[in-house]
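Input: a single structure, listed below in structure tokens.
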Amino acid sequence: DGGITQSPKYLFRKEGQNVTLSCEQNLNHDAMYWYRQDPGQGLRLIYYSQIVNDFQKGDIAEGYSVSREKKESFPLTVTSAQKNPTAFYLCASSTGYLANTGELFFGEGSRLTVL
Amino acid sequence: AQKITQTQPGMFVQEKEAVTLDCTYDTSDPSYGLFWYKQPSSGEMIFLIYQGSYDQQNATEGRYSLNFQKARKSANLVISASQLGDSAMYFCAMRGINGGGFKTIFGAGTRLFVKA
């Protein structure tokens, strides 16, 4: 079955450590996205990528980094520069990047807790 | 700048009744798309319905309909015949052109409680 796989589902990190969240899709979608969700709040866009080897900052990119070396993969690194990284992270993909149609397909999310 | 506003943090509805969840948006893009997503307590995001800015008719998908009023920049979700399984967070979202490409932004969400 096609879909988006995020790993790990739960992750604990000590302060000062970088961590990388994995996101893989087999939907053949060109566009991929990373969102952050804090408890009881909406989704905020961290980074997004329309095509391979290209990505743009979203609204809260500081303290995060991404790469898009393959169409299927869009890993997110939460660096030690991120002041409050404890959150629920959602990866998504979509088709139709040349149009404003195309709903987002989401992974199941990764919950990061900083100890 | 693009913005989505959902002013109802929480809503209660009686089972089998209809409920309207409000969403207003702001954009300068001439063309954009509006979406509603459902997030149950499990955390997954489920796409419900889509409305294009140039669509003449309001979108419908089963028990979901989108009340699109372009001049007022509103895109309210109407759920008819509410079911207990409809209890969840609901997010309004908008996709449009932004600098280097299309991106989708979300509102803060409305938590819906369906009472038996």
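Listed in order, the protein sequences are those of chains A and B.
Going by our numbering, the first residue of the first sequence is number 172, and it counts up by one from there.
Going by our numbering, the first residue of the second sequence is number 212, and it counts up by one from there.
For every residue, glycine included, the Cβ atom is placed at its ideal position computed from N, Cα and C.
Problem set entry | Cβ-based neighbour list, M300 (chain B), same chain, cut-off 6 Å, excluding 5 preceding and 5 following | Counted from its first residue, the second sequence places residue 300 (chain B) at position 89. Closer than 6 Å at Cβ, skipping near neighbours: Q250, G320 and R322.
Exercise. Which residue from B:M222, B:L259, B:A327 and B:T238 puts its Cα closest to that of A282 (chain B)?
Worked result: In the second sequence, the residue the question calls residue 282 (chain B) occupies position 71. The residue with the shortest Cα to Cα distance from A282 (chain B) is B:T238.
Exercise. Beta-carbon of E255 (chain B) versus every beta-carbon of chain A: anything under 8 Å?
Worked result: On the second sequence, position 44 is the one that residue 255 (chain B) refers to. For E255 (chain B), the answer is yes, since a Cβ of chain A falls inside 8 Å of its Cβ.
For this session: Mind listing, in chain order, the continuous alpha helix (DSSP H) runs of no fewer than 4 residues lying wholly within the region 207–285 of chain A?
Result: none
Exercise. With 8 Å set as the bound, which would you pick, yes or no: does the beta-carbon of E279 (chain A) sit closer than that to a beta-carbon of chain B?
Worked result: For this step, residue 279 (chain A) is matched to residue 108 along the first sequence. With 8 Å as the cut-off, E279 (chain A) counts as an interface residue toward chain B.
Problem set entry | Proximal residues of chain A, C-beta to C-beta of I316 (chain B) below 7 Å | Position 105 of the second sequence, counted from the start, is the residue given in the question as residue 316 (chain B). Per Cβ cutoff of 7 Å: L216.
Problem set entry | Where L261 (chain A) meets chain B, residues with beta-carbon distance less than 7 Å | Start at 1 with the first residue of the first sequence, and residue 261 (chain A) comes out as number 90. M256, listed in chain order.
Exercise. Quick one: Cα of Q221 (chain A) to Cα of F223 (chain B), how far?
Worked result: Along the first sequence, one-based indexing puts residue 221 (chain A) at 50. Along the second sequence, one-based indexing puts residue 223 (chain B) at 12. Between Q221 (chain A) and F223 (chain B), the C-alpha separation is close to 39 Å.
For this session: Could you check what DSSP says for D201 (chain A) in three-state terms: helix, strand or coil?
Result: On the first sequence, residue 201 (chain A) is found 30 positions in, with the first residue counted as 1. Coil, per DSSP.
For this session: Report all residues from its chain with a CB closer than 7 Å to the CB of G311 (chain B); omit the five preceding and five following residues, and keep chain order.
Result: Counting from 1 along the second sequence, the entry for residue 311 (chain B) is found at position 100. Model confidence at G311 (chain B) stands at a pLDDT of 47, short of 50, so the residue's coordinates are unreliable; what they give is reported in the following sentence. Nothing meets the Cβ criterion.
For this session: Decide if L286 (chain A) is buried, meaning its Cβ has at least 16 other Cβ atoms within 10 Å, or exposed.
Result: Looking up residue 286 (chain A) in the first sequence gives position 115. With fewer than 16 other Cβ atoms within 10 Å, it is exposed.
Exercise. Is the Cβ of Y301 (chain B) closer than 8 Å to any Cβ of chain A?
Worked result: Counting from one through the second sequence, the residue named residue 301 (chain B) turns up at place 90. No, no contact with chain A.
Exercise. If you run the structure through DSSP and keep just helix, strand and coil, what is G311 (chain B)?
Worked result: The residue given as residue 311 (chain B) occupies position 100 in the second sequence. Confidence in G311 (chain B) is poor, its pLDDT being 47 and thus under 50, which makes the residue's placement too unreliable to answer from.
Problem set entry | CB contact below 8 Å: G229 (chain A) versus chain B | Here residue 229 (chain A) refers to the residue found at position 58 of the first sequence. Chain B contact via Cβ: present.
Exercise. Among A:R239, A:T191 and A:Q208, which has the Cα closest to the Cα of H200 (chain A)?
Worked result: For the purposes of this step, residue 200 (chain A) is taken as residue 29 along the first sequence, with counting starting at 1. When only C-alpha atoms are compared, the closest one is A:R239.
Exercise. What does a CB cutoff of less than 8 Å around N189 (chain A) pick up in its chain, not counting 5 residues either side in sequence?
Worked result: Here residue 189 (chain A) refers to the residue found at position 18 when the first sequence is read from its first residue. If we look at N189 (chain A) and ignore the five residues flanking it on each side, its Cβ neighbours are T248, V249, T250 and S251.
Exercise. What are the boundary residues of the beta strand (DSSP E) that Q395 (chain B) is part of?
Worked result: There is simply no residue 395 (chain B) to check, as chain B begins at 212 and stops at 327 in what is shown.
For this session: Pull up the DSSP beta-bridge partners for T238 (chain B), would you.
Result: Residue mapping note: residue 238 (chain B) aligns to position 27 of the second sequence, counting from 1. Answer is none; T238 (chain B) lacks a bridge partner.
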